[in-house]
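Participant:
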DNA sequence: TATGTTGATGATAGCGCAATCATTGCACTT
DNA sequence: AAGTGCAATGATTGCGCTATCATCAACATA
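Protein chains in written order, with the working numbering: chain A, 74 to 418; chain B, 74 to 418.
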């Protein structure tokens, strides 16, 4: 049983329909869309008119299959709700969007196994490039990433042995420097508050530990962590439990991110602990609130947006057969010294 | 010039390769992947072994082209950096991921024209469903959305005439209720601080205006807005300029979101204005900081995550030929009354 | 005139997969 | 014994597009 073709507005419009409507061959329509400079102006206008009036939208799957170019970049991040990653994402979308790439984004929930599954999904879309987080991939995952033969950037941390390219900064060193700063301000018993405890948080903690060990002031009972995700609420809880378990001797806290730090700060205020006189609080990431809260919060500023931009640009350069200066880029960081850790002066 | 096929590890593995390797036909391999229950166990295992050892990853484009099923859901949001949308996204990813759908996300930068372009991009991926923000689409865009013949949910606000389905809440009414609450607490001269001024913010402002007009207390000089994006910093600035332009007579401020409200609150503290005694501050969205900041911040709580979940579930129901109870869902909201607006007590 | 050279257009084939229909073998019924 | 039904597997075809090569006109060069 055939239905009339005319006016059947529910039929999907294809290249051939446009070609028929404008009296040219299909390939010419394809050219009008993909390489308009190869078609004479008169024809181009004529075809474009047909495209518009039919409301033709190309089928990207057919195009990708035929050309093996997907114009898709796969991105895997561990968490959507973490502001750190959404800012990196902004950078990625900015650059990739401008370069005509779509971004296929997956959330790995901080699990290498989930990540493997998700990266499989990404690869099944034949992406032209990949941006993934960290270096904690499963063996199997590394395997098919190596096989993929597309540019890959691992972001967030500096890796000893990246799969392909790498953009990040040294979390361990940052943790180390934070402690140095606190010691320099005259704080003596420096606690540590951490949540989620992903690899990058662990590195910060190692830096913290190292710095304190060097001056003989490391005390593991000053460390309070939880595998739960970070939040302001959790920060408050951890701060309370640090105070309780140490009988309040701690006079500074390095919080592994700003949510925790804000939670600790607000909780300290409620406990009538004077920040920074009796307690220093330092965060990490330098979110906007750090600058404006009272007292303003010392934090480690890292170029999240810039990291997304950099990673994207590297991929695009490779895709355009341009060389990248270096396969490994250290974005650095900066400790923003603010009121919450300045007892001097 | 032909290269040997053997061991050429750079050749992409296809269904046929797997079929050859496991001694079955291509279609059987396809079944092992897509409808394993239709293949006998022995064959299934045999084929799976070949899949694993070859590291076969299906080509989604070919699959989509042949089956006209993409397993892709398109999502368009106005901003990646706004926590409001990332929480909605979380809900979407949660549900869509579990149901085996990929999410293709685009950022429209609050521009209907950009949105039109982006939705075009989405449609070229033949998504099976679409989640888009608000009702401000261009005529052309509405046109091809109607033509698309896939389930579409417009989220965030309640629309008079949705394209297909709609999940949101009444921003105007929420603004109205906020003012009622402030009046009930004895505040008299209520200011308004807004940024970005997208359609939903405008609706909140209309509610604010209506409530004040009803009691004869509307004064348009109490309104300070900017087209800039919201941020804590901008909130502080707007608060300062409201105070300056009204000579400090305002005794309450309705901030159109929590970033602005926090900025206003921190700025008030710096100006030594006592919140809530001399100044009430109310935000919108109820982000986590609202509950923990000192004084805690009154805000309008809306189920962002739930909205993402709901929209996703509706699409999935339609895709599974189940009916949805209603094409239009009001998620409601709740004013969280906290210290920043409670002078009484 | 013969010989390129260039630019614009078209015909054909095939990308990798799944829909569709066909085939086979086997258990069960009458 | 013949027929019926069903589960498991395969052969063929085409999804919508682009790569590739072919064609043809227009013009330049010697």
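Every residue, glycine too, gets a C-beta built ideally from N, C-alpha and C.
1. Express the C-alpha separation of residue 416(B) and residue 335(A) in angstroms, rounding to a whole number.
2. For the stretch 300-311 of chain B, enumerate the residues whose C-beta is nearer than 7 angstroms to any C-beta of chain A, in chain order.
3. Spell out a yes or no on whether the stretch 404-412 of chain A and the stretch 364-373 of chain A are touching, meaning 3 or more CB-CB pairs, one atom from each, closer than 8 angstroms.
4. Closer than 7 angstroms between beta carbons: that is the criterion. Which residues of the stretch 123-138 of chain A meet it against chain B?
5. Assign residue 249(A) to one of three DSSP states: helix, strand, or coil.
6. Three-state secondary structure (DSSP) at residue 188(B)?
7. Hey, residue 147(A) and residue 198(A): beta-carbon distance below 8 angstroms or not?
8. Under a three-way DSSP split, which group does residue 391(B) fall into?
9. At the 8 angstroms Cβ level, is residue 180(B) part of the contact set with chain A, yes or no?
10. Would the stretch 325-340 of chain B and the stretch 302-316 of chain A be scored as touching if the rule is three or more Cβ pairs under 8 angstroms?
11. Here's the rule: buried if 16 or more other CB atoms are within 10 angstroms of the residue's CB, otherwise exposed. What is residue 188(A)?
12. Use the C-beta contact count for residue 113(B): other C-beta atoms within 10 angstroms, 16 or more gives buried, fewer gives exposed.
13. Which residues, in chain order, does the stretch 356-370 of chain B contribute to contact with chain A at a C-beta distance below 8 angstroms?
14. Show which residues of chain B have a CB atom less than 8 angstroms away from the CB atom of residue 269(A).
15. Would you check if the stretch 322-332 of chain A and the stretch 345-352 of chain A touch, i.e. whether three or more CB-CB distances between them fall below 8 angstroms?
16. Sort out for me which residues DSSP pairs residue 202(A) with in a bridge.
17. From what residue to what residue does the beta strand (DSSP E) around residue 108(B) run?
18. Just confirm the distance between the C-beta atoms of residue 378(B) and residue 163(B), as a whole number of angstroms; I'd bet it's less than 8 angstroms.
19. Does residue 407(A) come out as helix, strand or coil in the three-state DSSP assignment?
20. With 16 as the cutoff for other CB atoms within 10 Å, does residue 399(B) come out buried or exposed?
21. Could you pull out every residue in the same chain whose Cβ sits closer than 8 angstroms to the Cβ of residue 191(B), ignoring the five residues on either side in sequence?
22. Near residue 355(A), what residues of its chain come up, given a Cβ to Cβ distance below 6 angstroms and the 5 sequence neighbours on each side ignored?
23. Tell me which residue opens and which closes the alpha helix (DSSP H) that residue 216(A) is part of.
24. Starting from the Cα of residue 361(B), find the closest Cα among 87(A), 156(A) and 118(A) and give me that residue.
25. Residue 159(B) lies in the alpha helix (DSSP H); which residues open and close that run?
26. Closest by CA to residue 222(B), which one among 268(B), 404(B) and 392(B)?
27. Compute the Euclidean distance between the alpha carbons of residue 96(A) and residue 135(B), then round it to the nearest angstrom.
28. Have a look at 253(B), 172(B), 236(B) and 297(B) and flag the residue whose alpha-carbon is nearest the alpha-carbon of residue 283(B).
29. Can residue 277(A) and residue 158(A) be called in contact, C-beta distance under 8 angstroms?
30. Are residue 94(A) and residue 116(A) close, meaning C-beta to C-beta below 8 angstroms?
31. What is the residue span of the beta strand (DSSP E) that residue 175(A) lies within?
32. At least one CB of chain A closer than 8 angstroms to the CB of residue 409(B): is that the case?
33. Going by C-alpha distance, which of 220(A), 296(A) and 239(A) is nearest residue 130(B)?
34. Along chain A, which residues have their Cβ under 7 angstroms away from the Cβ of residue 198(B)?
35. What does the alpha-carbon distance come out to for the pair residue 210(A) and residue 227(A)?
36. Would residue 77(A) be called buried (16 or more neighbouring beta carbons within 10 Å of its own) or exposed?
Facilitator: The structure says:
1. 25 angstroms
2. 304, 305, 306 and 309
3. Output reads yes: the stretch 364-373 of chain A touches the stretch 404-412 of chain A.
4. 128, 130, 131, 132, 133, 134, 135, 137 and 138
5. helix
6. helix
7. yes
8. Helix, per DSSP.
9. yes
10. No, the stretch 325-340 of chain B is not in contact with the stretch 302-316 of chain A.
11. Per the 10 Å Cβ criterion, buried.
12. exposed
13. Cβ contacts with chain A come from 361, 362, 364, 365, 366 and 367.
14. By Cβ distance, chain B contributes nothing, its closest Cβ being about 15 angstroms from residue 269(A), past 8 angstroms.
15. yes
16. 146(A)
17. No beta strand (DSSP E) contains residue 108(B), which DSSP labels as neither H nor E.
18. Beta-carbon to beta-carbon, residue 378(B) and residue 163(B) are separated by about 6 angstroms, close enough to satisfy the 8 angstroms threshold.
19. strand
20. exposed
21. 149, 179, 180 and 181
22. 251, 327, 371 and 414
23. 212-221
24. 156(A)
25. 156-171
26. 392(B)
27. 29 angstroms
28. 253(B)
29. no
30. no
31. 175-180
32. no
33. Among 220(A), 296(A) and 239(A), the Cα nearest to that of residue 130(B) belongs to 220(A).
34. 133
35. 10 angstroms
36. With a pLDDT of only 36 at residue 77(A), under 50, the local geometry of the prediction cannot be trusted, and the value read off the model is given with reservation. Label assigned to residue 77(A): exposed.
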